[in-house]
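Protein chains in written order, with the numbering used here: chain S, 5 to 315; chain X, 5 to 315.
Heads up, the thing below is written out as structure tokens.
What follows is the structure, encoded as structure tokens:
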């Protein structure tokens with residue numbers, strides 16, 4: 005039996021998942037990234053993880069795919085720059101191929117997650133889909149005709165850095181008013197904190213302080229507290245604005261939401277769908293765009309990375 | 005010799021161009037759209053135009069491509085809706101194939117122009133390009149790996165309807181702050197008019213009134229009149245904002261500018277390039293995005309339509 009190894013590199017751990025071409029998981033495990041000792045040490049750790057996983061499976065490892073944070077030049081398997089990992093111009097694909105003895109493909113971690121969801125998760129019945137990840141920032145990946153679209157020079161697709169409010173809030177990228185300044189989990193937390201500080205009578209104070217509130221707080225209290233409801237409505241309007249921009253540009257069949265905020269499920273997707281249906285260009289009869297939660301959770305990245313070997 | 009016919013349907017005329025697979029033009033002509041008599045009459049006119057063109061060429065017509073305004077379902081060659089032509093759910097591809105006896109492919113007119121520029125014009129040395137047309141609205145087409153990307157259900161790519169200023173000006177699409185409200189030729193004319201009315205001493209009054217000014221007026225006076233310069237700077241900043249959004253999402257190698265405003269050439273592209281280089285995500289060393297004027301003028305649409313037959 006042939007199988008594939010997908011690796012999802014994070015700031016602390018590397019997740020590994022072995023699966024068949026059909027997406028059946030055979031084994032999963034993780035190791036420390038160990039990148040404080042440099043990229044070569046990280047590759048050694050990954051090689052050990054790979055051996056451990058292979059020892060559990062009868063069959064032939066036929067390819068390895070990697071999702072890695074940062075700027076990736078996927079055609080050469082090079083990490084151009086990954087600040088959290090301390091890597092720059094590191095030949096990740098070649099170094100892993102040396103150690104593992106099979107071809108290695110590398111893409112950005114957000115792209116890998118999008119491919120995983122598109123092939124095996126919430127997008128599996130659609131040819132054109134977008135995964136939008138609502139976390140510390142807003143990331144995402146775009147699937148066109150069943151294939152990952154990486155942007156020219158595989159430098160795209162920085163959907164979080166689409167300005168939706170010129171003269172808006174300053175973004176880390178140097179521009180003002182980027183989508184992720186309004187729609188990330190961090191933005192939601194920031195607005196919850198601000199709203200609590202403005203409303204001493206908010207029910208949210210019964211359980212949280214303005215320092216302990218998170219992106220979940222406003223959703224938790226939205227049915228009993230007017231201020232919490234306002235925060236949620238505010239967040240959803242900005243998120244809808246960015247999603248409709250993407251829908252007008254790509255007209256995918258489905259937009260999948262990942263990251264912590266997406267755990268809100270229908271409390272998030274139902275009002276988003278309503279705004280999408282109303283405001284999308286040309287109306288909804290033309291070609292509906294569904295908004296759904298992603299379904300693979302933390303496995304999306306490793307599964308999508310493995311799927312890189314399947315094309 | 006095999007050749008192809010490209011048709012570019014406009015509000016008044018249908019332009020036809022016969023060319024070889026290499027993009028060599030063999031003959032060009034046009035006819036009245038005649039759509040006031042309905043879609044079938046328009047197809048009859050086009051058939052007559054085709055015969056006229058064929059009579060001038062020795063060779064074999066091997067395929068016909070059409071660029072048509074409005075919402076096109078390209079997989080079936082159907083015009084879902086084209087307000088200016090008075091067509092809805094019209095089987096344009098089938099009706100033309102019946103009359104012309106060869107396969108007919110249909111796409112949106114902006115897409116056809118993008119394909120024309122990408123294959124034979126300003127984008128011919130690049131695999132990933134975007135044509136942004138600055139006319140009455142802002143339209144465009146996206147070329148990925150040398151192929152036209154039409155969006156899921158070929159309903160995309162409505163790049164003019166990307167919100168860049170939430171709570172901004174009301175757009176015809178029902179949302180506020182769309183890119184085309186700020187970056188179309190119409191927007192430029194509107195702001196020139198407004199600026200003239202605010203500045204009775206502007207040198208622009210020497211040649212134009214606030215009713216006769218156009219999208220060219222501010223460019224014409226930018227070197228001698230402060231108000232004109234301000235209008236141009238203002239326009240370029242908004243245009244840059246939308247173009248950088250597209251660059252961050254698609255990271256094409258080149259963005260080509262078409263439509264009337266693009267005739268300003270370097271007066272437009274030079275300052276745009278400067279802002280692009282400074283503000284694009286991840287910086288310019290990573291993967292530069294060039295901003296250039298389109299080069300085929302009014303022939304782009306028909307040539308790109310013919311190119312539909314070449315894939």
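A virtual CB, placed ideally from N, CA and C, is assigned to each residue, including glycine.
Buried or exposed: residue 228 (chain S), going by 16 or more other Cβ atoms within 10 Å of its Cβ?
-> Residue 228 (chain S) should be labelled exposed.
Using 10 angstroms around the beta-carbon of residue 64 (chain S), count the other beta-carbons present and answer buried if the total reaches 16, otherwise exposed.
-> Sixteen is the threshold: since fewer than 16 other Cβ atoms of the shown chains lie within 10 Å of the Cβ of residue 64 (chain S), the residue is exposed.
Determine whether the Cβ of residue 170 (chain X) lies closer than 8 Å to any Cβ atom of chain S.
-> yes
Beta-carbon proximity list for residue 306 (chain X), same chain, < 7 Å, skipping 5 on both sides | If the five residues before and after residue 306 (chain X) are omitted, its C-beta is found closer than 7 Å to the C-beta atoms of 10, 11, 12, 19, 20 and 21, all from its own chain and listed in chain order.
Go to residue 75 (chain X), then tell me how far its beta strand (DSSP E) extends in each direction, as first and last residue.
-> 75–77
With residue 116 (chain S) and residue 135 (chain S) assumed to form a contact (beta carbons below 8 Å), what rounded beta-carbon distance in angstroms separates them?
-> At roughly 10 Å, the Cβ-Cβ gap does not stay under 8 Å, so residue 116 (chain S) and residue 135 (chain S) are not in contact.
For the beta strand (DSSP E) holding residue 72 (chain X), just list the boundary residues, first then last.
-> 64–72
Reference residue 97 (chain S), options S:145, S:58 and S:81, closest by Cα | S:81
Could you have a look at residue 189 (chain S) and say whether DSSP puts it in helix, strand or coil?
-> helix
Whole runs of the alpha helix (DSSP H) within the region 257–287 of chain S, excluding any shorter than 4 residues | 270–283
So, are the CB atoms of residue 163 (chain S) and residue 122 (chain S) less than 8 Å apart?
-> no
Enclosing alpha helix (DSSP H) for residue 251 (chain X) [first to last residue] = 230–254
Spell out whether any CB of chain X is found under 8 Å from the CB atom of residue 148 (chain S).
-> yes
Residue 143 (chain X) in three-state terms, based on DSSP | strand
Delimiting residues of the beta strand (DSSP E) encompassing residue 36 (chain X) = For residue 36 (chain X), the enclosing beta strand (DSSP E) starts and ends at 29–36.
Going along the chain, which residues of its own chain have a beta-carbon closer than 6 Å to the beta-carbon of residue 186 (chain X), five neighbours each way excluded?
-> 242
Sub-8 Å separation of residue 126 (chain X) and residue 208 (chain X) beta-carbons | Contact check for residue 126 (chain X) against residue 208 (chain X) fails: the beta carbons are separated by 8 Å or more.
What residues are listed by DSSP as bridge partners for residue 22 (chain S)?
-> Residue 22 (chain S) pairs with S:9 and S:31.
Looking at residue 137 (chain S) and residue 263 (chain S), is the spacing between their C-beta atoms short of 8 Å?
-> In this structure, residue 137 (chain S) lies closer than 8 Å to residue 263 (chain S) by Cβ.
Using a cut-off of 7 Å between C-beta atoms, extract the partners of residue 271 (chain S) located in chain X.
-> None at all; the shortest Cβ gap to chain X is about 22 Å.
Secondary structure of residue 290 (chain X), DSSP reduced to three states = Under the three-state reduction of DSSP, residue 290 (chain X) is assigned to coil, being neither helix nor strand.
Might you give, ordered along the chain, the residues of its own chain that have their beta carbon closer than 6 Å to the beta carbon of residue 5 (chain S), omitting 5 neighbours on each side?
-> 63
Neighbour-count burial assignment, residue 151 (chain X), 16 or more Cβ in a 10 Å radius = exposed
Buried/exposed call for residue 204 (chain S), threshold 16 Cβ in 10 Å | exposed
Using a Cβ-Cβ cut-off of 8 Å, state whether residue 3 (chain S) counts as contacting chain X.
-> This structure cannot speak to residue 3 (chain S), because chain S is shown only from 5 to 315.
Where residue 153 (chain S) sits in the DSSP three-state scheme | strand
Listing by chain order, which chain S residues have their CB less than 8 Å from the CB of residue 332 (chain X)?
-> The requested residue 332 (chain X) does not occur in the structure, where chain X is confined to residues 5 to 315.
With 16 as the cutoff for other CB atoms within 10 Å, does residue 59 (chain X) come out buried or exposed?
-> exposed
Figure out for me which residue from X:79, X:192, X:273 and X:237 has the closest Cα to the Cα of residue 153 (chain X).
-> Measuring from the Cα of residue 153 (chain X), the nearest candidate turns out to be X:79.
DSSP state of residue 94 (chain S), grouped into three classes?
-> DSSP places residue 94 (chain S) in strand when its eight states are reduced to three.
Starting from residue 85 (chain X), trace the beta strand (DSSP E) both ways and give me its first and last residue.
-> 82–86
Under three-state DSSP, which class holds residue 194 (chain X)?
-> helix
Scan the region 284–308 of chain X for residues whose Cβ lies nearer than 7 Å to a Cβ of chain S and list them as they occur along the chain.
-> 285, 286, 290 and 291
Please classify residue 252 (chain S): is it buried, with 16 or more other beta-carbons within 10 angstroms of its beta-carbon, or exposed?
-> buried
If I'm right that residue 257 (chain X) touches residue 130 (chain X) with Cβ under 8 Å, what's the distance once you round it to whole angstroms?
-> 4 Å
Cβ-based burial, residue 171 (chain S) [other Cβ within 10 Å; buried from 16] | exposed
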